[in-house]
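Here the protein sequences come in this chain order: Z and F.
At position 47 of the first sequence (counting the first as 1) the number is 47 in the numbering used here, and the numbers step up by one without a gap.
Residues are numbered in the numbering used here as their position in the second sequence, beginning at 1, plus a constant of 1000.
Even for Gly, the Cβ is constructed at its ideal location relative to N, Cα and C.
Notes follow once the structure below has been shown.
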Amino acid sequence: MREPPREWHIDEPQARRTQPIAVLAASAAGVFQPIKNMLRISCPHCGIRDEVEFAFGGPSHVTRPAFEVSDAEWADYLFNRENPKGIHYERWQHAYGCGRWFNAARDTVTHEILAVYRMGDPKPVLPGAPRGRAP
Amino acid sequence: MTKPGAFRVDGAGVNRNRPLRFRFDGRPLTGYAGDSLASALLANGVRTVGRSFKFHRPRGVYACGIEEPNALLQLGTGARAIPSARATVVELTEGLEAFSQSGWPSVQTDAGRMLDFTAPLWAAGFYNKTFIWPNWHTYEGLVRRMAGLGRAPVEPDPDRYEIRNLHCDVLVIGGGAAGLREASAASEAGGRVVLVEQASELGGRSAWDGSAIEGTPGSKWAKLLTERLERAPDVRILRRTTAVGYYDRDVVALLESVPVHEGPDGSGPMQRKRHLSTPRERYWIVRANRVVLATGAIEQPLIFCNNDRPGIVLAGAAHQYLRCYAVAVGRRVLVATNNDSAYATACGLKEAGVDVLAIADSRHEVPREQADEMRRQSIPVLPGSIPVDTSGFSALSGVSVGRLSRDSTSVDSVQHFRCDALAISGGWCPALHLYSQAGGKLVYREQSRALEPVATHPIITLAGSVAGERDDARTSAQSKAPAQHPSSAQPMGIRISPVGSTLRQWVDLRHDVTVSDLELAIRENYASVEHVKRYTTVGMSVDQGKTSNVAAIEIIARLRRMKPSDLGHTTLRPPYTPVTLGAIVGRGTGERFSPSRLLPMHSWHVAHGALFEDYGEWRRPVAYLRGSESRHAGIVREARAVRGAAGLFDGSPLGKIEVHGPDALEFLDHFYINNLATLKPGRARYGLMLRESGVIFDDGTIVMLAPDRYLITTTSGNAGRVAAWLEEWHQCEWPQLRVAIMPVTDQWATVSLAGPRAREILSKLATDIDLSGAAFPHLGMREGRLLGEPARIYRVSFTGELTYEINVPAGCGQSLWDAILDAGTPVGLQPLGIEALLLMRLEKGFLHVGSDTDGTTVPDDVGWGKVASAKSADFIGKRSLYLPENARSDRLQLVGLAGEGGADIVVGSHLRLAGSNEVTDGWVTSAGRAVLSAEPIALAVLRAGRRQIGAQVSVHDAGKVTRARVVNPPFFDPSGDRMNA
Ligand SMILES: [Zn+2]
């Protein structure tokens, strides 16, 4: 099996490694694809779980400014968030599982979760992702 | 009145050895096992089953499946009553009680019928334009009763519902021929398969329409495949199950109706108690790798004047009633169509001995094979003809058929038929609702006069008639005419009569929308199909326009002089068919919806007269009432006991979180406005916690147990939130800090002993802790042993009295409680509920976060501004305190109010300062009467309140105005001597 890139995990290989939910076709015809992450999220620590186990924590990669910043910069940190149509980098907590926070890249149109990666890891570069503000 | 069962003909489908008695509007009737409620009503000649929504016109059974717009009936009475059940899909059971829901006083003699003669008044937008004075609610009750929306039971639902998850490789929706074939193929390929069929048996139309599949009669073929699937190891067949919704990420929701197995005495579901373990319905949440939609097609009507009379039915339905239930929809039947499919209906009825007068076909050229077959059956064919009007009062008695001009835009001549039924077919529209919900795009095609899929979907495969397939493997066997097919190579004839008053041409039978309503909407400049839909409500009723949306598109396009394919279509939304709310909730009702948390000493409180209320998720004693004592009297008595002697309070919900680790102090210092660097072991410090916006989030105490172990307390309601808050900041912002956060609220029973005699009482219990005021002062914390058990005792006070807040392991709470009561009762100790505690804290002017603060309150508003600004280190929310809004001098500030004139001050009352031009200058946040003097006192937020001390304010409570003086709290023991004793 291909090893996911070091800094972040592609959803499906991770899922297959941690949880044998994915069903591959026995037939050579390849009729059956690995199961998709339908309203499920792959916790980097536990594997694929139902979305109801998770709590959404808003956009990730928001840097907390130092006390000395201007009112405008502080207000920007407090109130202004990106709201893209497309890939959104956000944080989730596996609240009814291991309790750990992690990052996810989610397509806001299809709700497909394209990648999960640990807190503190850099944004994965995904095809088609709009370039957001620098973290 | 018709003879019972008069419309039953020879044929299979029902079990004539098992008659079932049922009632319709109280009238006793008999059907057979295998009947649907609709087929049993038709068999008994029941024509009118409801009244229309606006005009109260009589309406009869129209379809044979889930698309039924007319026969929506109330089933049963009491807690198990079901409103708006579609009679066409209700299986007849012994003792079933059905009621029409739209007739008043009855469906047969309906007073609202007069509305029909005022029809022009009831045009589109009528409700919006008419019921505006004084407001809609004045009319709502009457309109709803007249409209006949059914009556929801008022009793709690006695049935059980289940929610289940299901994972599979292939989900096949629809158990007709195409679904059976797809499920078999998927099973043979080795996948886990779920096959869903809304009827009680698989096979769909192939099981009854007389066609042959792969050289085998359809019914036999379906049976063979079903048996094979039932034996396959990884196939689950869900019957009586409808796929109701297709949601994000390809989650499909199914609603399964679990049959009630009748008792040996044949008693039906209305009498019999359902076994507790059997749910009434199951809501399945299915995740599949591939979804096959084999959902078939829904027959569409022809539109003409008075096309709504009982006796007018869809031709496919008429055929199905004949084959599946041995019921003829009439004795003298006229058939009208714009496609091939209705010819099978004509043949079937003729073969069953029904008088088929003619078949009118709006196509000018009738295909040869159909014409030949009709000649063999001696059924006259009227090519280029369409019904233009009907007659009858309570039911159909005649049909006028117009001979269309060559271009089908006018009628050259009209021929009249006397008949009691008219079977109509306007072609078939694929049931693409789930495909559309899945994001699939639809487009109107002239060829089929239907909405068809445009693009492929990564997960969904369409199979059978939903894909517009004409199945060449199927040929007619039993009947000579070809089997019905949703679409045909031949273009469809027109669907809408070109002549007649559009006031009388119904598009949406359920919502009583006519062609004239659509005309009005266009005249009033509604253009988009979505806007026309909302204005006229076409397609917006419970049937969601399953038999009206396509005709509406054609009509709107014609009126706007554009092509229907350019008009677009309305969004098809879940659920596909109505869903019982209980099924969505599942078992999450009552205690399971929101479990109560119980105190460690709960059973003692119950045994000692506690009046309980819910505070957040906790069930807590309000007060321990004695005899016939009122709630208020009990609260005052308890508070006076504390002020006079002592009280004992179960404060276990107090949030308790331990924070351990070498960096624990640095970590906690980020959260409090107070400087923690000067904390000393054995001392508690009160602290405020803010959100990043500067708003007060929670308050509590911080205690150093050891340099690397801290215990913080939180308000009861925020215990979980504060722990989650600490975790989030630790994991996401300061992961380098070495700390562990442990919520321990439930591990400790917290017992508060408060009052001037508290020390005297506690001293009677064996302990190694020195309780003297000198050794253990206010805001001290001691760990030691009490009654031989480990204990943490705080000197913190919410009442203003000398208080020991004693924490012992939760399991030791009751014995401690008993021991303190034994020791204290002789000197006047009483147990104390939460309301007396809150009253005493009001007297002391202590902050109650959530009552005296809201989503805008910053520390300075409640008098903590200096503490916050004195702390040099950064903390969460600090920067926000310096934003201009939070530094304004006219902010609302917490003050005390002393009522004048003796009247109660009510929480929420608004305050006005003398000469103020503002709408409000603030409001009351906590109120009560002083424990000893009974003077009205309150805490309030007031504009620049701290500058108004001594001023008079008017207090406005729902029209009553009283006066109060602005004062500095506390109202009791301002020196704090009692607390510090
Ligand atoms: Zn996890």
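Considering only F:1397, F:1191, F:1325, F:1036, the residue with the shortest C-alpha distance to residue 1096 of chain F is F:1036.
Fully enclosed beta strand (DSSP E) runs of no fewer than 3 residues occupy 1355-1361 of the stretch 1336-1362 of chain F, in order along the chain.
In the structure shown, residue 1536 of chain F falls within a helical segment according to DSSP collapsed to helix, strand and coil. Here residue 1760 of chain F carries a helix assignment [DSSP, helix/strand/coil]. In the three-state scheme derived from DSSP, where H, G and I count as helix and E and B as strand, residue 1577 of chain F is classed as coil. For the C-beta of residue 114 of chain Z, not a single chain F residue is nearer than 7 Å; the gap to the nearest is close to 13 Å. Judged by DSSP in its simplified three-state form, residue 79 of chain Z adopts helix. Contact check for residue 74 of chain Z and residue 65 of chain Z: beta-carbon distance about 6 Å, within the 8 Å limit, so the pair qualifies. Close to chain Z, meaning a Cβ-Cβ distance shorter than 8 Å, is no residue of the stretch 1823-1843 of chain F at all. Taking the C-beta atoms as reference points, residue 1577 of chain F is found nearer than 7 Å to residue 1066 of chain F. Looking at F:1414, F:1966, F:1648, the one whose alpha-carbon comes closest to that of residue 1798 of chain F is F:1648. The bridge partners DSSP lists for residue 1610 of chain F are F:1624. Taking every protein chain shown into account, the CB of residue 1747 of chain F has fewer than 16 other CB atoms within 10 angstroms, so this residue is exposed. Taking a C-beta distance under 7 Å as the contact criterion, residue 1086 of chain F and residue 1070 of chain F do not qualify as a contact pair. The way I'd put it, the stretch 1618-1636 of chain F doesn't touch the stretch 1803-1810 of chain F; fewer than three beta-carbon pairs between them come closer than 8 Å. With a 10 Å radius around the Cβ and a threshold of 16 neighbouring Cβ atoms, residue 1390 of chain F comes out buried. A distance of 7 Å or more separates the beta carbons of residue 46 of chain Z and residue 120 of chain Z. Comparing alpha carbon positions, the residue from F:1167, F:1638, F:1216 closest to residue 1236 of chain F is F:1167. Counting only the Cα atoms, residue 1400 of chain F lies some 15 Å from residue 1381 of chain F. Closest in C-alpha terms to residue 1017 of chain F, from the list F:1026, F:1031, F:1027, comes F:1031. By the CB criterion at 7 Å, residue 1757 of chain F and residue 1827 of chain F fall inside the cutoff. Put simply, the CB of residue 101 of chain Z is near chain F, with a gap under 7 Å to one of its CB atoms. At a Cβ-Cβ threshold of 7 Å, residue 1787 of chain F and residue 1819 of chain F count as neighbours.
Residue 1708 of chain F carries a coil assignment under DSSP once its states are collapsed to helix, strand and coil. Remark: the C-beta of residue 97 of chain Z is in contact range of ligand 1, defined as less than 6 Å to any heavy atom. Apart from the 5 residues on each side of it in sequence, residue 1282 of chain F sits with its Cβ closer than 7 Å to the Cβ of 1162, 1164, 1256, 1258 in its chain, given in chain order.
Between residue 1829 of chain F and residue 1839 of chain F, the alpha-carbon positions lie close to 18 Å from each other. In the assembly as shown, residue 1154 of chain F is an exposed residue. Its beta-carbon has fewer than 16 other beta-carbons within 10 Å.
DSSP, read as helix, strand or coil, puts residue 1880 of chain F in helix. Residue 1736 of chain F sits exposed, since fewer than 16 C-beta atoms from the chains shown fall within 10 Å of its C-beta.
Between residue 1941 of chain F and the set F:1217, F:1392, F:1894, F:1854, the nearest pair of CA atoms involves F:1894. In the displayed model, residue 1861 of chain F falls within a helix according to three-state DSSP.
Non-local beta-carbon contacts of residue 1584 of chain F in its own chain, meaning distances under 7 Å to residues more than five positions away in sequence, involve 1283 in chain order. In the same chain as residue 1414 of chain F, and ignoring 5 residues on each side of it, the C-beta atoms closer than 6 Å to its own belong to 1400, 1402, in chain order. In this model, residue 1592 of chain F and residue 1573 of chain F are separated by some 30 Å (Cα to Cα).
Between residue 94 of chain Z and residue 53 of chain Z the beta-carbon gap is near 6 Å, inside 8 Å, which marks them as a contact.
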